Amino acid sequence: RVKDVDFQYGQITVRDGKGGKDRVTTLPEPLREPLLRHLERIKALHELDVRQGFGQVYLPFALERKYPNASRHWGWQYVFPAPKRSVDPRTRKVRRHHLSENVIQKAVSAAIQRSGIAKPGSCHTFRHSFATHLLEAGYDIRTVQELLGHKDVTTTMIYTHVL
Numbered sequence: 008r009v010k011d012v013d014f015q016y017g018q019i020t021v022r023d024g025k026g027g028k029d030r031v032t033t034l035p036e037p038l039r040e041p042l043l044r045h046l047e048r049i050k051a052l053h054e055l056d057v058r059q060g061f062g063q064v065y066l067p068f069a070l071e072r073k074y075p076n077a078s079r080h081w082g083w084q085y086v087f088p089a090p091k092r093s094v095d096p097r098t099r100k101v102r103r104h105h106l107s108e109n110v111i112q113k114a115v116s117a118a119i120q121r122s123g124i125a126k127p128g129s130c131h132t133f134r135h136s137f138a139t140h141l142l143e144a145g146y147d148i149r150t151v152q153e154l155l156g157h158k159d160v161t162t163t164m165i166y167t168h169v170l
């Protein structure tokens, strides 16, 4: 969600990751400007939705009952929204959902192919590279563990095989 991207501190909060936990990770400097431009386009789309009487997103837990107008608030909008609005089967309200993981994975694979990289890659490849580069740069294994959201440091130790 938009509120989970912190440009001031260069952080992204990942919600409900593996194990249902939240974690904070870095927002790489080279991504800040492109992401800001992307969010400007998404904000224009959201404002159009609101003007047309829509602009809602699904809210977690009981937040929708507690804050009935929050579902239209900019901070709760998805960073990668679906191109079309759809009917929420639970509430029958018309909302704009987020892109599916599958769409993101296909876009990443296509971008890797277009870049001319011969090896196949995926979102997980970027995660693996992120961890490996941090360790190569001398980051402490516990810091890398926290950034990746691993419960057990032995999971993070897998990335040390290339060192």
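Its first residue numbered 8, the sequence shown is counted upward by one per residue in this note's numbering.
Backbone N, C-alpha and C define an ideal beta-carbon position, used for all residues, glycine too.
All of these numbers come straight from a predicted model, not from anything done at the bench.
- In this structure, the alpha-carbon of Phe68 lies about 35 Å from that of Gly128.
- Of the candidates Ser116, Glu71 and Arg72, Ser116 places its Cα closest to the Cα of Phe133.
- Taking all protein chains in view, the Cβ of Ile165 is surrounded by fewer than 16 other Cβ atoms within 10 Å, so the residue is classified as exposed.
- Taking the Cα of Gln112 as reference, the smallest distance to any Cα among Gln152, Phe87 and Pro37 is reached at Phe87.
- Within the region 16-70, complete beta strand (DSSP E) segments of at least 3 residues are found at 18-21 and 30-33, given in chain order.
- If you draw a 10 Å sphere on the C-beta of Arg103, you find 16 or more other C-beta atoms in it, and that means buried.
- For Val115, the uninterrupted alpha helix (DSSP H) segment begins and ends at Glu108 to Ser122.
- Less than 8 Å divides the Cβ of Gln18 from the Cβ of Val31.
- As the crow flies, the alpha-carbon of Val110 is around 10 Å from that of Ala89.
- For Asp11, the secondary structure class from DSSP, reduced to helix, strand or coil, is helix.
- Looking from the CA of Trp81, the closest CA among Ala114, Leu46, Phe137 and Asp29 belongs to Leu46.
- Annotated as proximal: Gln63 and Arg79, with beta-carbon spacing under 8 Å.
- Per the C-alpha coordinates, the member of Thr163, His168 and Lys158 positioned closest to Gly27 is Lys158.
- For Arg149, the enclosing alpha helix (DSSP H) begins and ends at Ile148 to Leu155.
- Sequence-distant partners of Leu154 (beyond 5 residues in either direction) whose C-beta falls short of 6 Å from its own C-beta, in its chain, are Thr32.
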